[in-house]
Amino acid sequence: MKKILGLILAGSLILSQGMIANAATREYIEDENNDTRATADKYNVYESNTYVYGTVNGYDDTDYFKLVATTSGEMDIDLYFDKASSDIDIDFYVYDSSEDILTKISNCDGSDNYRTNVDENDYVYVRVDYDGGNLAEPYELCFDMD
């Protein structure tokens, strides 16, 4: 009985920290307030996929994520969302650790990707900028090290 209670408590703790338990991949729910680099959600980037599900909180919502490389190599960053409506306007930015812009993809198509070389413990910032439209489902940020 104590063992079962311990497992339930551990599972509850994981879920309360924003992580969705999944053996094959790491999955998280975006943690507001992450509207600036200083308040960016921070994630370690591993060789297996990590997914963060984000929501938009009204017109001109901006979400920042700090992605830290666990090994040296290529970091693959993908942004997915259901672009069923043509009026959805989301911009996708990636900045290096010096906060210089590496890429900006304006008016994303719902399946956008960026790859960059990083050293172990280096990081990039990802910015998802929602400018309008009807986004019915959360967007999905996926990243891993190749």
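Residues -23 to -1, 1 to 123, numbered by mature numbering (1 follows the signal peptide of the UniProt record, and there is no 0), are exactly what the sequence shown covers, in order. Positions of the beta carbon are idealized from the N, C-alpha and C atoms, including for glycine. None of the values given here were measured: they were computed from a predicted structure.
Please classify residue i: does DSSP put it in a helix, a strand, or coil?
| i | result |
| --- | --- |
| D8 | coil |
| C85 | coil |
| L112 | coil |
| D37 | coil |
| E76 | coil |
| K60 | coil |
Comparing C-alpha positions only, which one of the options sits nearest to residue i?
| i | options | result |
| --- | --- | --- |
| Y116 | V95, T93, Y5, L56 | L56 |
| D96 | E114, L44, Y107, V33 | L44 |
| I65 | Y72, T13, N10, E114 | E114 |
Between residue i and residue j, what straight-line distance do the alpha-carbon atoms span, to the nearest angstrom?
| i | j | result |
| --- | --- | --- |
| D121 | D8 | 20 Å |
| Y28 | E76 | 23 Å |
| residue 144 | R3 | In this structure the chain extends from -23 to 123, so residue 144 is not present and cannot be described. |
Thinking residue i and residue j are a contact (beta carbons under 8 Å), I'd like their distance in whole angstroms, please.
| i | j | result |
| --- | --- | --- |
| Y36 | G109 | 6 Å |
Pair every Cβ in the stretch 81 to 97 with every Cβ in the stretch 59 to 73, then say whether three or more of these pairs are closer than 8 Å. yes
Segment contact flag, the stretch 16 to 30 with the stretch 72 to 81, C-beta cutoff 8 Å, min 3 pairs: Between the stretch 16 to 30 and the stretch 72 to 81 there are fewer than three C-beta pairs closer than 8 Å, too few to call the two in contact.
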